[in-house]
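A short worksheet on the structure shown next.
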Amino acid sequence: MDLLIDDVTTISVADLQKDPIAAIQAGRGGPVAVMNRNEALFYCIPAKVYEAMIECVEDFELIHLVESRKSEQSLSVNLEEL
């Protein structure tokens, strides 16, 4: 999923309070920044975007684990003995 920071829709807290569903739909499937005095208070993101973000975080954690273990001594194992 390609998502650029420029693709973030912004809404005010008042807009969110008036009509939460319409405010979220304004994002058209992307994140919506809820603003207060030109400062983002929080972001509303669709479940698919959240799941993609979590998957990326998990991938980076696995990369870090692999990199940290790359220099470890390997052991020969016979699968039949297990």
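Last residue of the sequence shown: number 410 in my numbering, and the count goes up by one each step with no gaps.
C-beta: ideal position from N, C-alpha, C; glycine also.
Note that this is a predicted model, so its numbers are computed, not measured.
Closest by C-alpha distance to P348, out of H392, I373, N366, is I373. Residue range 341-346 is occupied by the alpha helix (DSSP H) that includes L344. Beta bridge pairing from DSSP links Y371 with A361. Taking a C-beta distance under 8 Å as the contact criterion, L344 and V362 qualify as a contact pair. Listed in chain order, the non-local C-beta contacts of Y371 below 6 Å within the same chain comprise P359, A361, local neighbours out to five positions each way being set aside.
Taking C-beta atoms as the reference points, V341 and N364 count as a pair closer than 8 Å. Distance from the CA of L407 to the CA of M381, rounded to the nearest whole angstrom, comes to 37 Å.
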